[in-house]
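Peer 1: Under my numbering, residue 1386 is the last one in the sequence shown; the count climbs by one each step, no gaps. Every residue gets a Cβ at the ideal spot worked out from N, C-alpha and C, and that includes glycine. Predicted model, so just to flag it, every value in this text is computed and none were measured.
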Amino acid sequence: MGAPGLVCNLPPPRPAGAIIVCVVALSGLLYGAIAVASDTKPGNSAARLKQMPRSWSLHALRFLLGMSLVLAFFANIGDGNSQSAPNGAPKYVFLFLADGGGMAHLEIARHYRKHIHNEGMVIVDKILKEGSLGIMTTHAANSLSTDSAAAATAMAGGCKANIGALGVCADGTVAVSAMEMARRRGMKLALVTNSVVYDASPAAFVCHVANRRDYNAIVNRYLEMGPDILLGGGREQFLPKSQPGSRRSDDIDMIAAFESKGYRQLATKEQLARVARGKVLGLFSERDMSFELDRDKQSEPSVYDMTAATIRLLHEQNSRGFFAFIESESIDSAGHLTDIASVVHEYREFDRAVGLAYEFYRRYPRETLIVVTSDHETGGLGFTEALKDFSSYANTNKTAGTVADLRKLQTIGISLRKASQMLGRSPTAENLDKFMHDYFPGFSLAPEYRESILKRLPVSRTISLDPTANALGMMIANHTQIYWQTSTHTNQPVLVAALGVGAERFKGYYDNADFGATLKALIAGSSRADNRAQTVFTPKR
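1) Report buried or exposed for TYR1354, applying the criterion of at least 16 other Cβ atoms within 10 angstroms of its Cβ.
2) In three-state DSSP terms, what is PHE1170?
3) Label VAL1054 either buried or exposed according to how many other C-beta atoms from any shown protein chain fall within 10 Å of its C-beta, with 16 as the threshold for buried.
4) If you pair each beta-carbon of the region 1045-1053 with each one of the region 1137-1152, do three or more pairs fall below 8 angstroms?
5) From ARG1030, ASP1177, VAL1339 and LEU1159, pick the residue whose C-alpha is nearest to that of ALA1202; which is it?
6) Leaving out the 5 sequence neighbours to the left and right, which residues in its chain are closer than 7 angstroms to GLU1081 when beta-carbon positions are compared?
7) Short of 7 angstroms in beta carbon distance, which residues of its chain neighbour MET966, apart from the five on each side in sequence? Order them along the chain.
8) Mind reading off the beta-carbon distance from ILE1215 to ILE972? Whole number of angstroms is fine, and I expect it under 8 angstroms.
9) What three-state label does DSSP hand ASP1250 in the structure shown?
10) How would you call GLU1191, buried or exposed, if buried means at least 16 neighbouring beta carbons within 10 angstroms?
11) Using three-state DSSP, classify MET1330 as helix, strand or coil.
12) Which residues mark the beginning and the end of the alpha helix (DSSP H) in which THR1313 is found?
13) Is it buried or exposed for SER883, if we count other Cβ within 10 angstroms and need 16 for buried?
14) What are the start and end residues of each continuous beta strand (DSSP E) run of 3 or more residues lying completely inside the region 1069-1128, in chain order?
15) Give me the Cα-Cα distance between SER1022 and THR1256, rounded to the nearest whole angstrom.
16) Using the Cα positions of THR1244 and PHE939, report the straight-line distance between them to the nearest angstrom.
17) In whole angstroms, what separates the C-alpha of TYR1284 from that of LYS1300?
18) Taking 8 angstroms as the cut-off, decide whether the C-beta atoms of GLU1172 and SER990 are in contact.
19) Going by CA-CA distance only, name the one from VAL1346, VAL1013, VAL969 and SER1175 that's closest to VAL1042.
20) I'd like the list of long-range same chain contacts for LEU906, defined as Cβ closer than 7 angstroms, with 5 residues on each side in sequence excluded.
21) Since THR1213 sits in a beta bridge, which residues does DSSP pair it with?
22) Beta carbon of ALA1048, beta carbon of LEU1011: below 8 angstroms?
23) With distances taken from CA atoms, which of ALA1322, GLN1266 and ALA1264 is nearest LYS1233?
24) Does GLY1361 come out as helix, strand or coil in the three-state DSSP assignment?
25) Can you name, in chain order, every residue of its own chain whose Cβ lies under 6 angstroms from the Cβ of GLY945, other than the five neighbours on each side?
26) For the alpha helix (DSSP H) that ASP1278 lies in, which residues bound it at each end?
27) With a 10 Å radius around its C-beta and 16 neighbouring C-beta atoms as the bar for buried, classify GLY1002 as buried or exposed.
28) Cα separation between VAL915 and ALA934?
29) Please tell me whether ALA1121 and ALA1154 are closer than 8 angstroms, where the distance is taken between their beta carbons.
30) Measure the C-alpha to C-alpha separation of GLN1143 and PHE1083 and round it to an integer number of angstroms.
31) Near THR1331, which residues of its chain fall below 7 angstroms by C-beta distance, leaving aside the five closest residues on each side in sequence?
32) Considering only C-alpha positions, which residue in the set ALA1316, ASP1016 and GLN1266 is nearest to ASN987?
33) If we require 3 or more residues per run, which beta strand (DSSP E) segments fall completely within the region 955-1009?
34) Considering just the uninterrupted stretch of the beta strand (DSSP E) at THR1018, what are its terminal residues?
35) So, under 8 angstroms CB-CB, GLY976 and VAL1339 are touching, yes? Tell me the CB distance rounded to an integer number of Å.
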């Protein structure tokens, strides 16, 4: 669990100094008004006329001074949502994470939106064109590729971490995360994902555990830290061990524990849309939430829906600002399954969520920071040129991706995760043929991919996560020229797009630990890019 001393109280009430300023201002205004009024009383008009220029000048000065103080005070308090952050730090922080999303994922999704839906892309057309561009390296401390735990630890805490470690630096120390620093500032917090809420990426911003699979400790830490908004999947880790469907190792009812601390527990899209205020625990599935291709649009919220609710709830009566971490983990899951159709649909919904933050930024441009990035690339993805067959190397026997190939993706109506579940672990040849006819019209399985599905064989040494999904993914690649090198993570650098307060500090080419240090410095209102030395401690044994 997290080290002690990291959890801060809720945002304090408005400082007494502001009240004093208001009282003084009103007193001055009242005094000036009375003084002016007293000089207009009848009697001794000749003497008063003689003193009027000086008397009126002094009282007018008092009146104007009082008025200016009152106006300054009310300009400061506004509607309760405009209190300045310290030292020019952003008051409203959005960190959007396209888990596993490399530059090729973004570019293919951009082409898909342009040619299939005639749409632009907020990340490219707004955040990048109006803001700053950075390139971030992603390796772990003990590996030239990374996992999400090590990557998110670096991005949240500003230190390199080993594979599997969550919120713990490679040297064994624990760096206070950017979100923990935001809580110390009194900001409201949100963790939003379409994975399980205790997945590595959101957890790294709050938790400090040696093993990312220690889900009990992660959920317990959430309860201790008390983020205002916690949305995603993973209900199974909140149920007591004795209850059907639970995967906890103890018999604690964590939903009841959260409710005892004032949280409202939500399970449907409708409930999320109706909640108006307060702390929220939204658990919309037993495990990971559904891919967009499979999602029940009536009952299960999307990343866009959860982002809309998050902005509404965090901004309500909030003078201290907020930090919202919003992740589309399903982009990474689609990459592991070599599922390009899911990638483009997930990125579309993710970009729509970023669009909500952009609209918020337009209302509060001097107080808002939006950062859109990824923790690593998954799949070694890209359009490429390929041979039609092995008969010749001639140009006439080569093919490359076109808009027509994007249209083929439009015909796919289910995710490859669901396809694998529907076929099961022991499909017959007859069942496979019928399945292909029903769900993948226009596609045909090469003999080697057919064998992978029927015999549960890895597609290759690097593409081996799920034989059925990966074989179908490579079948789609052969028909669209969108190829995968692997079903896991690569060391490709990822894009960082930033807009708003401090966005220029994310320009350049840097490591993910430098990203974390910069984010923490911005939250703290520091001009130093590396403030780790001030915020690192050794956990108690």
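Peer 2: Looking at the coordinates:
1) exposed
2) The three-state reading of DSSP puts PHE1170 in strand, counting E and B together.
3) That one is buried.
4) no
5) LEU1159
6) Excluding residues within five positions, the ones whose Cβ falls inside 7 angstroms are GLY1090, SER1091, ARG1092, GLU1131 and ARG1132.
7) ARG955, ARG958 and ASP1196
8) 6 angstroms
9) Looking at ASP1250 - three-state DSSP - the assignment turns out to be helix.
10) Answer is buried; the Cβ neighbour count reaches 16.
11) First, the residue type needs correcting, since residue 1330 is Gln and not Met in the sequence shown. Here GLN1330 sits in coil by DSSP.
12) 1312-1325
13) Low per-residue confidence applies at SER883: pLDDT is 46, beneath 50, and the placement is therefore not dependable enough to give any value.
14) 1074-1078, 1109-1111 and 1125-1128
15) 43 angstroms
16) Taking the straight line from one Cα to the other gives about 41 angstroms.
17) 21 angstroms
18) no
19) SER1175
20) Bear in mind that a pLDDT of 45 at LEU906, under 50, signals an unreliable position, so the number given afterwards is only what the model happens to contain. Excluding five sequence positions before and after LEU906, none of the CB atoms of its chain fall closer than 7 angstroms to its own CB.
21) Paired residues: TYR937.
22) Closer than 8 angstroms, so yes.
23) ALA1322
24) helix
25) ILE1176, ASP1177, GLY1180 and THR1223
26) 1274-1284
27) Taking every protein chain shown into account, the CB of GLY1002 has 16 or more other CB atoms within 10 angstroms, so this residue is buried.
28) Caution applies to VAL915, whose pLDDT of 43 falls short of 50 and renders its modelled position unreliable; the value that the coordinates give is listed next. Approximately 26 angstroms, taken between the alpha carbons.
29) Between ALA1121 and ALA1154, the C-beta gap is not smaller than 8 angstroms, which leaves the two residues out of contact.
30) 24 angstroms
31) Cβ contact annotation for THR1331 (same chain, cutoff 7 angstroms, sequence separation greater than five): GLY1224, GLY1225, THR1307 and ILE1308, in chain order.
32) ASP1016
33) Taking only runs of at least 3 residues, the beta strand (DSSP E) segments lying wholly in the region 955-1009 are 977-982.
34) Looking at the DSSP string, THR1018 is not in any beta strand (DSSP E), and its letter there is neither H nor E.
35) Rounded, the Cβ-Cβ distance is 16 angstroms, inconsistent with contact.
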